[in-house]
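The structure appears right after this line, and notes come after that.
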């Protein structure tokens, strides 16, 4: 299954509908195509939804649902996929630090599967082959030409064959595409716990969409809190029940010692260094494992409405 095929269809849809989506696609012959989805343009809900689906390589669907009344009077971001290993781990996970010449961004999307720079690809058998590379950058700046060239080189494509969509967490599109990672965070947590991800056949997740923040730290805090304290994920798995009972308590964010503070406070407490924060924190608040072989389901973790209200600034 080629990840870039589905991503390219969504990317074309975004570029052809740029005016309607309030994004700007800049393409000059011989250079990378950079699509601004919220840095210098408004972007919007639909741009964010399509960015999220592109991150999933077209192997999942993202939609907006009714507010979760116990959490916040905000829309809910829903995501579903029947290909969680490829969609979430090989593509959506923001595991590539794209940097150079004073620039930094978290990179996600199918371009990661071409570069295969992360250790987790050692456990993903499929090898992506494509003469184009498409990715999403979380950043408040558009990438300079030198970073685009470096990214193209690492993806083994020409510069003109690279497309990067960019949005900051202080934009509406950027906020949506981050909150659409509820299933991905559960999958990555299972990966860190040594669980066989091939057993997970489908996934559904929902999390509240926070108010867009005007500053980056608050934006990072709110989007993380939406999943850490308000994310609900159901994973459909195969195999035995005993292994699910054993791994389940370690999946939700409450399994971490860092659980219990709004993420922005935790981030500042650790001197704005993500790597000082317990990696086991990064997972949904609540996870249900539905064993489709036995028909049994197991629930782990709990929502924390108080912290959602505090983080979102809701009185």
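Residue numbers (the numbering used here): 273 to 587.
For every residue, glycine included, the Cβ atom is placed at its ideal position computed from N, Cα and C.
Own chain residues within Cβ distance below 8 angstroms of residue i, not counting five before or after
i	result
residue 357	396, 459, 469, 470 and 472
residue 316	293, 294, 444 and 445
residue 558	503, 504, 505, 524, 571, 572, 573, 574 and 575
residue 582	534
residue 273	331, 355, 358 and 398
residue 531	500, 525 and 553
residue 285	322
Spatial neighbours of residue i in its chain, beta-carbon cut-off 6 angstroms, leaving aside the 5 residues before and after
i	result
residue 419	372 and 375
residue 565	510
residue 475	353, 356, 455 and 507
residue 482	494, 498 and 584
residue 578	none
residue 379	368, 370, 407 and 409
residue 335	350
residue 589	The structure shown does not extend to residue 589, since the chain spans only 273 to 587, so no value can be given for it.
residue 299	305
For residue i, the first and last residue of its enclosing alpha helix (DSSP H)
i	result
residue 319	317-327
residue 491	488-500
residue 275	275-288
residue 451	444-451
residue 423	417-427
residue 464	454-464
residue 364	Unbroken run through residue 364: none, as it is neither H nor E.
residue 537	535-541
residue 519	513-519
residue 582	577-584
residue 384	383-387
Beta-carbon gap between residue i and residue j smaller than 8 angstroms
i	j	result
residue 463	residue 386	no
residue 311	residue 294	no
residue 406	residue 276	yes
residue 493	residue 554	no
residue 320	residue 444	yes
residue 442	residue 486	yes
residue 404	residue 370	no
residue 281	residue 330	yes
residue 367	residue 390	yes
residue 263	residue 563	Beyond the ends of the chain as shown, which are 273 and 587, falls residue 263; an answer cannot be given.
residue 522	residue 465	yes
residue 528	residue 552	yes
residue 233	residue 361	Only positions 273 to 587 of the chain appear in the structure, and residue 233 is not among them; the question remains open.
residue 480	residue 346	yes
Residues near residue i by beta carbon distance below 7 angstroms, same chain, minus five either side
i	result
residue 542	548 and 549
residue 381	279, 326, 327, 363, 406, 407 and 408
residue 290	296 and 297
residue 568	513
residue 416	373 and 375
Any chain C beta carbon closer than 8 angstroms to residue i
i	result
residue 362	Checking the listed chains, one finds no chain C in this structure; it contains a single protein chain.
Supposed close pair residue i, residue j - CB separation, criterion 8 angstroms
i	j	result
residue 348	residue 478	5 angstroms
residue 452	residue 519	Rounded, the Cβ-Cβ distance is 24 angstroms, inconsistent with contact.
residue 421	residue 414	Not a contact, Cβ separation roughly 14 angstroms.
residue 424	residue 580	Not really, about 40 angstroms apart at Cβ, beyond 8 angstroms.
Boundaries of the beta strand (DSSP E) in which residue i is found, first to last residue
i	result
residue 560	558-563
residue 305	305-308
residue 436	434-439
residue 506	504-509
residue 351	348-353
residue 380	375-380
residue 408	405-410
residue 296	296-298
residue 336	332-337
residue 554	Counting along the chain, residue 554 falls outside any beta strand (DSSP E), and DSSP gives it neither H nor E.
residue 547	Where residue 547 is concerned, there is no enclosing beta strand (DSSP E), given that its DSSP letter is neither H nor E.
residue 479	472-480
residue 573	569-573
Heavy atom of the ligand MG within 7 angstroms of residue i beta-carbon
i	result
residue 421	This structure lacks the ligand MG; in fact it carries no ligand of any kind.
Segment contact flag, the segment 441-456 with the segment 307-326, C-beta cutoff 8 angstroms, min 3 pairs
Because the criterion of three Cβ pairs below 8 angstroms is met, the segment 441-456 and the segment 307-326 touch.
Can you find at least 3 beta carbon pairs, one from the segment 422-438 and one from the segment 302-314, that sit closer than 8 angstroms?
Touching, yes.
Stretch pair the segment 333-347 + the segment 375-385: three plus CB contacts closer than 8 angstroms
Contact check between the segment 333-347 and the segment 375-385: fewer than three CB pairs, one atom from each, fall below 8 angstroms, which does not count as touching.
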